[in-house]
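Student: Just so we're aligned, residue 671 is where the sequence shown starts under our numbering, counting upward by one.
No residue lacks a Cβ here, since even glycine has one placed at the ideal position from N, Cα and C.
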Amino acid sequence: MTDPCFDLAHLAHVEVLTNRFDESLDFFTRVYGLTLSGQDETSAYLRAWDDYEFHSLKLTRSDTTGIGHVAYRATSPEALQRRVAAIEASKYKVIGWVDGDLGHGKAFRFEDPFGHVFEIYWDTVKYQPGASDAPALKNNASKFHASGACPRRLDHLNLLSEDVTAFRDFMTTCLGSRITEYIQLDNGRLGGCWFTVNNKTYDLACTEEHGGGNGRLHHVTYATDQREDILRAADIFLENGVFIETGPHKHAIQGTFFLYVWEPAGNRVELANAGARLILDPDWAPVCWTEADRKKGQAWGLKTIPSFHTHGTPPVKEN
């Protein structure tokens, strides 16, 4: 494994597209438990109660669903320039500098081989709580409001690609990511790969596309403090008519306790308890999961349901 560069601090926000904006916004605020930081003509800017930035989810009106862009914050202005230089010297598509939005300053955009748009930036807007959401503890970003599922922070997202090896090369080249775990299929292909830019076990996963799409979103995930939060959330989703796809259960890969639902527009959303797993080992060897390993199911034997391999957004158009 090459030395980690740590030019990027963390996954900062994800832009999710929805063709049912009002219903999606109601889900993410009232049911899922994010709070609205701001809104413009096309987008709502949302955050979990302990996200320090202005937003971690940008929900955008669209005629389709899926991913708009993925954003990482750099560790410094100098680190941002190092990443920009590495991306410009690479073979990957460069979009270039764009103006920021309500949550951050200018950002540098580029694409992976499958059309997913990424951006990195340094200048950000840190959330400033008002009187109504000021935290009792000074080291929290805002008040624990206990509304809806009430996750603590953005955790990770999962993108789909038809060539995980090509996506792996993109992540290591452009973002300087480390690989923590991966799936090695019997046919020689990579079935999935989990990446981190810091000491979290992962902030982004890429799994193989089995639904015939291109550049799609598999899911976006927020973290809770404990497993019981996810069990409570399952009842909240049930009471609000939200489609529960699978879980609660425990993943074998990465060991997270999970619950997957579909928000009203069909984008898959996860709640996960990431626990205390950190990559502190400086020469961590990526964990290989074989096809035989995966056929055993999740950690406690729950088989992965078919839709988990085929459903992504936007949906694939039928011929």
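Would residue 769 and residue 763 qualify as a contact pair, given that the criterion is a beta-carbon distance under 7 Å?
Tutor: Cβ distance not < 7 Å, so residue 769 and residue 763 don't count as in contact.
Student: Could you tell me whether the stretch 673 to 683 touches the stretch 915 to 932, where touching means 3 or more Cβ pairs closer than 8 Å?
Tutor: At 8 Å Cβ cutoff, the stretches do not touch.
Student: With a CB to CB cut of under 7 Å and the five nearest residues on each side skipped, what residues in its chain are close to residue 910?
Tutor: Excluding sequence neighbours, residue 910 sits near 701.
Student: Mind listing, in chain order, the continuous beta strand (DSSP E) runs of no fewer than 3 residues lying wholly within the stretch 696 to 727?
Tutor: Entirely contained in the stretch 696 to 727, the beta strand (DSSP E) runs reaching 3 residues are, in chain order, 705 to 709, 713 to 717.
Student: Counting pairs of beta carbons, one from the stretch 884 to 894 and one from the stretch 823 to 842, are three or more of them closer than 8 Å?
Tutor: Yes, the stretch 884 to 894 touches the stretch 823 to 842.
Student: Report buried or exposed for residue 767, applying the criterion of at least 16 other Cβ atoms within 10 angstroms of its Cβ.
Tutor: Exposed is the call here.
Student: Do you know how far the Cα of residue 875 is from the Cα of residue 671?
Tutor: In this prediction, residue 671 has a pLDDT of 41, which is less than 50 and means its spatial position is unreliable; nothing more can be read from the coordinates.
Student: How many angstroms separate the CA atom of residue 933 from the CA atom of residue 879?
Tutor: In a straight line, the C-alpha of residue 933 is about 21 Å away from that of residue 879.
Student: Compute the Euclidean distance between the alpha carbons of residue 950 and residue 722, then round it to the nearest angstrom.
Tutor: C-alpha separation (whole angstroms): 23 Å.
Student: Looking at the ligand GTP, does it come within less than 6 Å of residue 726, judged from the CB to the closest heavy atom?
Tutor: The ligand content of the structure shown is nil, which means the ligand GTP is not present either.
Student: May I have the straight-line CA-CA distance separating residue 914 from residue 977, to the nearest angstrom?
Tutor: Taking the straight line joining both Cα atoms gives about 12 Å.
Student: Roughly how many whole angstroms lie between the Cα atoms of residue 790 and residue 783?
Tutor: The straight-line gap from Cα to Cα measures roughly 17 Å.
Student: Expressed to the nearest angstrom, what Euclidean distance is found between the alpha-carbon atoms of residue 923 and residue 961?
Tutor: Residue 923 and residue 961: Cα-Cα distance of roughly 12 Å.
Student: Do you know how far the Cα of residue 760 is from the Cα of residue 818?
Tutor: Answer to the nearest angstrom: the Cα atoms are 43 Å apart.
Student: May I ask you to list the residues that DSSP assigns as paired with residue 876?
Tutor: 829, 863, per the DSSP bridge assignment.
Student: Of all the options 845, 833, 870, which has the alpha carbon lying nearest to the alpha carbon of residue 851?
Tutor: Out of 845, 833, 870, 870 has the C-alpha closest to the C-alpha of residue 851.
Student: Excluding the 5 residues preceding and the 5 following residue 866 in the sequence, name in chain order all residues of the same chain whose CB lies nearer than 6 Å to its CB.
Tutor: Excluding positions up to five away in sequence, the list reads 848, 850, 872, 873.
Student: Could you give the uninterrupted runs of the beta strand (DSSP E) lying entirely in the stretch 741 to 821, keeping only those of 3 residues or more?
Tutor: Segments of the beta strand (DSSP E) lying fully in the stretch 741 to 821: 764 to 768, 777 to 781, 787 to 791.
Student: I need the straight-line Cα distance from residue 843 to residue 905, nearest angstrom please.
Tutor: In a straight line, the C-alpha of residue 843 is about 42 Å away from that of residue 905.
Student: With which residues is residue 684 paired in a DSSP beta bridge?
Tutor: Bridge partners of residue 684: 727, 740.
Student: Closest to residue 684 by C-alpha separation, out of 693, 724, 690, 985, would be which residue?
Tutor: When each option's Cα is compared against that of residue 684, the closest is 724.
Student: Could you check if residue 796 is buried or exposed, using at least 16 other CB atoms within 10 Å of its CB as the buried criterion?
Tutor: Flag for residue 796 reads exposed.
Student: Are there 16 or more other CB atoms within 10 angstroms of the CB of residue 688, so buried, or fewer, so exposed?
Tutor: When all chains shown are included, residue 688 counts as buried.
Student: Compute the Euclidean distance between the alpha carbons of residue 806 and residue 704, then round it to the nearest angstrom.
Tutor: The straight-line gap from Cα to Cα measures roughly 19 Å.
Student: Based on the DSSP output, what are the partners of residue 968 in its beta bridges?
Tutor: None, per the DSSP bridge assignment.
Student: Quick check: is the beta carbon of residue 888 nearer than 7 Å to any beta carbon in chain B?
Tutor: Looking at the structure shown, chain B is missing, and only one protein chain is on hand.
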